[in-house]
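Visitor:
4 protein chains.
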Amino acid sequence: MSGNTFGERFRITTFGESHGAAVGVIVDGVMPGVDIDEAYIQRQMDRRKPGQSSVTSPRKEYDVVHILSGIFEGKTTGTPLMIILHNHDMRPEAYQDIQQAFRPGHADFTYLQKYGIRDYRGSGRASGRETAGRVAGGAVARKLLERRGVQVLAYTTAIGGIACSSFDEQAIEQNAVRACDPAAAAAMIKKVEQLALAGDSCGGIVECRVRGLPPGLGEPVFDKLDAELAKAMLSIGAVKGIEFGAGFASASMLGSEHNDQMNAAGFLSNQAGGILGGISTGQEVIFRIAVKPTSSISLPQQTIGTDGQERQIRTEGRHDPCICPRIVPVVEAMACLVLEDQFKRQAAMRS
Amino acid sequence: MSGNTFGERFRITTFGESHGAAVGVIVDGVMPGVDIDEAYIQRQMDRRKPGQSSVTSPRKEYDVVHILSGIFEGKTTGTPLMIILHNHDMRPEAYQDIQQAFRPGHADFTYLQKYGIRDYRGSGRASGRETAGRVAGGAVARKLLERRGVQVLAYTTAIGGIACSSFDEQAIEQNAVRACDPAAAAAMIKKVEQLALAGDSCGGIVECRVRGLPPGLGEPVFDKLDAELAKAMLSIGAVKGIEFGAGFASASMLGSEHNDQMNAAGFLSNQAGGILGGISTGQEVIFRIAVKPTSSISLPQQTIGTDGQERQIRTEGRHDPCICPRIVPVVEAMACLVLEDQFKRQAAMRS
Amino acid sequence: MSGNTFGERFRITTFGESHGAAVGVIVDGVMPGVDIDEAYIQRQMDRRKPGQSSVTSPRKEYDVVHILSGIFEGKTTGTPLMIILHNHDMRPEAYQDIQQAFRPGHADFTYLQKYGIRDYRGSGRASGRETAGRVAGGAVARKLLERRGVQVLAYTTAIGGIACSSFDEQAIEQNAVRACDPAAAAAMIKKVEQLALAGDSCGGIVECRVRGLPPGLGEPVFDKLDAELAKAMLSIGAVKGIEFGAGFASASMLGSEHNDQMNAAGFLSNQAGGILGGISTGQEVIFRIAVKPTSSISLPQQTIGTDGQERQIRTEGRHDPCICPRIVPVVEAMACLVLEDQFKRQAAMRS
Amino acid sequence: MSGNTFGERFRITTFGESHGAAVGVIVDGVMPGVDIDEAYIQRQMDRRKPGQSSVTSPRKEYDVVHILSGIFEGKTTGTPLMIILHNHDMRPEAYQDIQQAFRPGHADFTYLQKYGIRDYRGSGRASGRETAGRVAGGAVARKLLERRGVQVLAYTTAIGGIACSSFDEQAIEQNAVRACDPAAAAAMIKKVEQLALAGDSCGGIVECRVRGLPPGLGEPVFDKLDAELAKAMLSIGAVKGIEFGAGFASASMLGSEHNDQMNAAGFLSNQAGGILGGISTGQEVIFRIAVKPTSSISLPQQTIGTDGQERQIRTEGRHDPCICPRIVPVVEAMACLVLEDQFKRQAAMRS
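Protein chains in written order, with numbering that gives the first Met the number 0: chain A, 0 to 350; chain B, 0 to 350; chain C, 0 to 350; chain D, 0 to 350.
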């Protein structure tokens, strides 16, 4: 595997398996002289951890942040930050029944095809646990973006067919599904709890807004801001699609509707989602991702074993019936990583 | 700008502006000993060129392929192919009226913000003309994929709200919008012609299928097959979204519906779009992109000049009222580039 | 700092400071299914550690290898190996007197100029301790090269003006300076001990031979085998030069002397050092590096403080009076990293 | 081949074979708004071209510079510059006798081993002609470095055993071997002319000084300034070694001699060659390279054919009996590319 590094000038490399000794990240390219402490990163980790509510997995990962390098007397030195999260509360026995069978919707089959060997304990490297390193690295990027006046905010807009119809920013971290509409959130939670009882799961939509971006960010031709964000988001396990601004609705629009006209005060609309020609316009950047239903369900499913024989499987264990609330901090982390990298690339270009 | 290179082991670097002397591409990482001639590449270029029908721009770009390096006695040598396409039929005067104003939906404003200088002639580097180099490079990748038994096929599934309701592969190259449903194609063409007369434009959906992929292709964690395809597609000018398999519909599905179960004969469905955990399953890979309406319309639009003064603009010139048919070969080219690169990365991993 | 990653398809990223909590490495691109255990890596670490003899620093680093990811049931899985070495026996107080002054020959001055902040404890990231991660990563590469039948062997050929005049491969690991001539080794050791007593240090020459390389390895134009080896070696702290084959002596040779002629049995000589046009010939690859005298000496030296004031400094602490014996495993590690990466790049090219 | 790109943020990709249609380069990462014209680049190309004197090949390459992209109204736009040099005066027939035999000292054997196919015309991609693209790209970097107050100067210090004993900067471009000592230059020229008549060739030493570098340039750990320069220089065909500052002489020095002490006015010496810990000290950066004798000689040499049969070969054609004077602008070009890239990487780090 050699796709474990993300970014060019602000770069993370993650490591670790779900049930190995630890997961973590090396963050390279951090500006020297910045105050970054473990508590700051811990706050982001805590938003990602399981066991936060009835709609997330009761597993306790703890995710206690340890920074082992790159900090001297509380400040970054310009050398790489190594952030480690030791694994705890692992119950590999819970996964032993799936050692010899492929769970539908999981990467079990494809990893075995690719590598000829598979760490079957809790999905190994393909586990959502791998995102812990992303969130830690993203927290460092977030800190640097704060200094630039840039804010990244993600939240759930739909779960299981229930969509938000209002945008209340304050409500987001106040409900268990991190939805932007408290009324919808209540319905979503009820739905997710019912599905959990039924042994099923559901998907949703997460939206992300970036505020405070200056115009000019993004590196055409291939490394457009939207292209890099798309790669970042599709690299998250459960994400099946992304759209910017009007997105797929653009396909049914006229040019006269879709074009964002301007007057002396700026743009009159934001169908483009804050990006033109791959470069930020200075407006809010806005995109949405499609999150598939959690693959781990306890309903019986048809599959085959590693021996090719047909069998049924129930994915037991402690899983999130809907991954949206926990994917929100991962989306933010990945967006922060893309943005900080683009700022640095821009500085290089202009130098 | 330093995002002009795409790929790791199979890599293209493109150059050129819409109204400069030439556009083109350096293709690096081509296996030695392969028969690649200009005619093979020319066929792909001809699919992309304007002036093919009533629904594409009447501009004549010609796009005559010249390979200036990397071929010896008709075969690749393992050294980089430099493919150049000299520019012709440029009418910069047609663009002079937009020298001092920002066209809505175009990158005029953002390029000036980023670079402080703007080659305003036909959008310069931000022009769709830049994709000529991609198609040339993608044709080389296509040739190599043919040897691997991999086929990449893109086509229009919706334009201006008219959707295909059947899939007739033979029909695709037989109609001017490259739609997979001949009946829908007729309606689409009529709609586009009406919009062109009205000085407006419309968007659409393009779908892409990859056949013959073995299971195991794709490099997790960050360089997942779907993540790389997403970046590739969003790097194309007019693309505003991408979805794999069930895509955004996944958000409303249950896990028990979305998971692709298996029996001894293989997968029973393909909601995932042929990719699990970022690695190909061996099924057809399928994704769709949202294409925005062409930004260049001749209806009057409100904008500002480079002096900040408000003004109206009509984007005259010879433009495609819907870019879908011409984006089809670009989508295929980018997909080919991603796939060939992933094959090479896989070979390195397994070595 | 963002030069902490080395290699393209076989890639290491190192982290850690001399007196931080730990140093280590993430090794990415390791083939799955290979038996790699901590003991194998530990053997290479032990060759690098201080305190091995009278001519190396009496510091005890221990360097106990822990592999925290990428191994499952004793075999590599294709996911990144994270190898950590916790720091021990740190005496930061020994360095406090140099907090406010720049040690001659060290990176103190330049790091402060570059970063505006300096982890002065034992040189921080610029410490030789940083090479521990390289040796751990190089050990993984060495294991993979063994499977390819490739052997990398480095040894001292000169120290303090005393040169080896014979090549006895068995003697190398039997003497404290890792010289290839036991008689010269005895003289070298005596000289180094005298210099240590006098508070001074000396330099030397280390030679490296690579055996078992097939012809064809190396990626022209810029990533020639010798170019990559040169970068790898010059990235080691104390290295001030490198030469391949006849090296600097080539400058005084005639073409008729330098050209390696061939007969049916192969090359008749190896002035080129086993590389032509940046690609291996199939002969032994041979190169030498110039190692400067250890910068840390206890003789008084003139310097300035961080306040710009002139002062004298004696670099106390436990240092190697000659770094050659301990640089030998680092040279081998870096050579292994380059070679394994080139094998993988070759596999990609040929795929 | 996929080592045709050099640099991270200031990046060149070269293409072309000796006897193909053209050679050239794409230069990516050029700051927008800079005046760069073909005449500026042409001046550097003219320093590299053959036929300048009795000691260089009488071939006429002309090397007329054409910039086909990235310039608008005389200024860079931030998009990639494509610079092409069409090939002329090719006499492939002169090479046909070597189609079936490996020339000693050339890459004929290794290219065939690597690629299984060989463009035998004038060494194809392995020809010195490939450096034309480097010099064109390096000229762009040189222009940008001028704006930073950085000057790169290379010159010959020894040829065929005759060494310069003085440094007269004005003399360098006034003599045919580009030596820094006019008296030594006269002896060198005489020697080279004699060797040419005898059908032989000789090597030499080229030194390079970089002035005006601020302290702080260079990216540790692996991408140290000296490491990147070493890679750049060893990527030039005939270079067999490099040393910085005291270089190989360091191996016989004491720490008390080698360490560059400081007083309030700065460093008291420059044994290190202006680089400590891989970062510039603000002093002159100085390094030397070993240049092997030209491989093409007309004296008979023993070799084998592609059929494995033994035979004699005389490399006829028009070759440089000593490559030093023509390698000087290539050394400068590669140094400029490294430096400009490091400036940009530094800007990214500090942003």
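We treat Cβ as the ideally placed atom computed from N, Cα and C, and that holds for glycine.
For clarity, every value in this text was computed on a predicted model and none was experimentally measured.
#1: Does Leu224/C come out as helix, strand or coil in the three-state DSSP assignment?
#2: Out of Ala346/A, Gly123/A, Glu72/A, which has the shortest C-alpha to C-alpha gap to Thr78/C?
#3: At which residues does the alpha helix (DSSP H) containing Ile326/C begin and terminate?
#4: Tell me whether Gln311/A sits in a helix, a strand or coil according to DSSP, three-state version.
#5: I want to know whether the segment 265-283 of chain D touches the segment 305-320 of chain C - three or more CB-CB distances under 8 Å.
#6: Using a cut-off of 7 Å between C-beta atoms, extract the partners of Met187/C located in chain D.
#7: Just the Cα atoms here: how many angstroms apart are Leu67/A and Gln150/C?
#8: May I have a chain-ordered list of the alpha helix (DSSP H) segments no shorter than 4 residues that lie completely inside the segment 252-314 of chain A?
#9: When you compare the CB of Gly73/D with every CB in chain C, is at least one pair closer than 9 Å?
#10: Taking C-beta pairs closer than 8 Å, name the residues in chain D that Phe14/B reaches, listed in chain order.
#11: Measure from the alpha carbon of Ser126/D to the alpha carbon of each residue in Arg147/C, Pro219/C, Ser350/C, Val329/C, then state which is nearest.
#12: Please list, in chain order, the chain C residues whose beta carbon lies closer than 8 Å to that of His18/D.
#13: As an exercise, report each continuous beta strand (DSSP E) stretch of at least 3 residues that is fully enclosed by the segment 173-237 of chain D, in chain order.
#14: So, with DSSP's three-state summary, where would you put Val149/D?
#15: Quick one: Cα of Pro103/D to Cα of Pro213/C, how far?
#16: Starting from the C-beta of Gly148/D, find all residues in its chain whose C-beta is less than 6 Å away, skip the five residues before and the five after it, and write them out in chain order.
#17: In the structure shown, what three-state DSSP assignment does Ile40/D receive?
#18: Please state whether DSSP places Gly115/A in a helix, a strand or coil.
#19: Using 8 Å as the cut-off, can you tell me whether the segment 153-173 of chain A makes contact with the segment 245-258 of chain A, which would need three or more C-beta pairs spanning the two stretches below that distance?
#20: Would Lys142/A count as contacting chain B if we go by Cβ distances under 9 Å?
#21: If you draw a straight line from the alpha carbon of Ile70/B to that of Val337/D, how long is it in whole angstroms?
#22: List, in order along the chain, the chain G residues whose C-beta lies closer than 8 Å to that of Phe342/B?
#23: Tell me, which residues are paired with Asp27/C by DSSP?
#24: What's the C-alpha gap between Arg287/C and Gln51/C?
#25: Which two residues bound the contiguous beta strand (DSSP E) that contains Ile82/D?
#26: To the nearest angstrom, how far is the alpha carbon of Ser350/C from that of Arg8/B?
#27: Output the boundary residues of the beta strand (DSSP E) element that contains Leu67/B.
#28: Please identify the residue among Glu242/B, Leu224/B, Asp259/B, Arg177/B whose C-alpha is closest to the C-alpha of Ser53/B.
#29: Quick one: what's Asp34/D bridged to in DSSP?
#30: If you measure between the beta carbons of Val359/D and Glu283/D, is that distance less than 9 Å?
#31: Can you name the residues of chain B whose CB is closer than 7 Å to the CB of Ile285/A?
#32: If you draw a straight line from the C-alpha of Gln41/B to the C-alpha of Val327/C, how long is it?
#33: DSSP three-state call for Phe5/B: helix, strand or coil?
#34: What residues in its chain sit with their C-beta under 6 Å from that of Leu111/A, if we drop five residues either side in the sequence?
#35: What residues in the segment 29-63 of chain B have a beta carbon less than 8 Å from any beta carbon of chain A?
#36: Quick check on this structure: which residue in Lys223/A, Gly203/A, Val33/A has the alpha carbon closest to the alpha carbon of Leu80/A?
Guide: Judging by the given coordinates:
#1: Secondary structure at Leu224/C: helix, using DSSP grouped into helix, strand and coil.
#2: Checked all of Ala346/A, Gly123/A, Glu72/A; the closest Cα to Thr78/C is Gly123/A.
#3: For Ile326/C, the enclosing alpha helix (DSSP H) has its first and last residue at 323-349.
#4: Here Gln311/A sits in strand by DSSP.
#5: By the Cβ criterion, the segment 265-283 of chain D is not in contact with the segment 305-320 of chain C, since fewer than three pairs of Cβ atoms, one from each stretch, lie closer than 8 Å.
#6: Correct list: empty, because the minimum Cβ distance to chain D is about 12 Å.
#7: Cα atoms of Leu67/A and Gln150/C: separation of roughly 34 Å, rounded to the nearest angstrom.
#8: You should have 254-257.
#9: Judged by the 9 Å Cβ criterion, Gly73/D is not in contact with chain C.
#10: By Cβ distance, chain D contributes Ile25, Leu67, Ser68, Gly69, Thr78, Pro79, Leu80, Met81.
#11: Ranking the options by Cα distance to Ser126/D, first place goes to Pro219/C.
#12: Per Cβ cutoff of 8 Å: no residues; His18/D is ~16 Å from chain C at best.
#13: Taken in chain order, the complete beta strand (DSSP E) segments of 3 or more residues contained in the segment 173-237 of chain D are 203-210.
#14: Reduced to three states, the DSSP call for Val149/D is coil.
#15: Counting only the Cα atoms, Pro213/C lies some 19 Å from Pro103/D.
#16: Excluding sequence neighbours, Gly148/D sits near Gly211.
#17: Residue state for Ile40/D is assigned as helix, using DSSP reduced to three classes.
#18: It is coil, neither helix nor strand.
#19: Counting Cβ pairs under 8 Å, fewer than three are found: no touch.
#20: No, Lys142/A does not count as interfacial toward chain B.
#21: Roughly 30 Å between the two C-alpha positions.
#22: This model lacks chain G altogether; the protein chains it does include are A, B, C and D.
#23: Asp27/C pairs with Arg10/C.
#24: In a straight line, the C-alpha of Arg287/C is about 24 Å away from that of Gln51/C.
#25: Under the DSSP assignment, Ile82/D falls in the beta strand (DSSP E) whose first and last residues are 80-85.
#26: Between Ser350/C and Arg8/B, the C-alpha separation is close to 10 Å.
#27: Boundaries of the beta strand (DSSP E) harbouring Leu67/B: 65-68, taken from the DSSP string.
#28: With distances taken between Cα atoms, Ser53/B lies closest to Arg177/B.
#29: The partner list for Asp34/D (beta bridge, DSSP) reads Lys74/D.
#30: Residue 359/D lies beyond the stretch modelled for chain D, which goes from 0 to 350, so this question has no answer here.
#31: The premise fails here: Ile285/A is roughly 11 Å from chain B at the closest Cβ pair, so nothing lies under 7 Å.
#32: If you draw a straight line from the Cα of Gln41/B to the Cα of Val327/C, it is about 55 Å long.
#33: It is a strand residue.
#34: Same-chain partners within the cutoff: Arg117.
#35: From the segment 29-63 of chain B, no residue has a Cβ closer than 8 Å to chain A.
#36: When each option's Cα is compared against that of Leu80/A, the closest is Val33/A.
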